[in-house]
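Novice: Let me begin by handing over the structure; questions about it come next.
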Amino acid sequence: MSEQDQAGQRSSGIRESARQRAIGAYDGARESVASAGRRVGTNIDEAPLIALAGGIAAGALLAALLPRTEAETRALRPIGDRIKGSAGAAATAAREAGTARLAELGLTRDKGSEALRSIFQGAADAARTSAQAALGTARKDD
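Right, here's the structure in full:
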């Protein structure tokens with residue numbers, strides 16, 4: 002057999018080997034996708050809210066990764082502005098309601114500062130008293 006024939010057979014063998022590996026990879030990928038689909042179906046049946054949250058998270062991730070088109074920007078800007086305004090108003094209302102409720106309970110900033118000062122003063126007094134007692138005991142033992 003000539004060198005050219007041998008080279009041709011080797012090349013043919015390499016192509017066949019590559020073809021078989023490609024077929025194996027395709028079959029493996031197809032089985033993996035089918036298996037994943039079955040697992041997803043089972044998991045959705047068992048925990049539909051978790052599946053929904055996962056789908057929303059995946060969608061948000063894709064949306065964040067894909068560039069926004071000009072049409073999307075024009076269409077979504079008014080909605081975004083409205084959401085931003087509503088969120089700001091909600092945060093302000095929550096802060097004001099919380100502040101008012103704390104004031105009703107007598108927990109104002111001034112009273113909180115006074116309470117912290119009292120706590121620190123008490124801790125300092127306790128530390129000073131403890132140190133004096135330890136020093137007095139150490140002197141008696143000498």
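The numbering used here numbers the first residue of the sequence shown as 2 and each following residue consecutively. We put the beta carbon where it would ideally sit given N, CA and C, even for glycine.
(1) Which of the three DSSP states is assigned to THR70 in this structure?
(2) Which of the three DSSP states, helix, strand or coil, is assigned to THR109?
(3) Could you check the C-alpha separation between ALA92 and ALA101 for me, to the nearest Å?
(4) Who are the near neighbours of ALA64 in its chain, counting only those whose CB is closer than 6 Å to its CB and skipping five residues on each side?
(5) Compute the Euclidean distance between the alpha carbons of SER119 and ALA125, then round it to the nearest angstrom.
Specialist: So, to answer that:
(1) coil
(2) coil
(3) 14 Å
(4) none
(5) 10 Å
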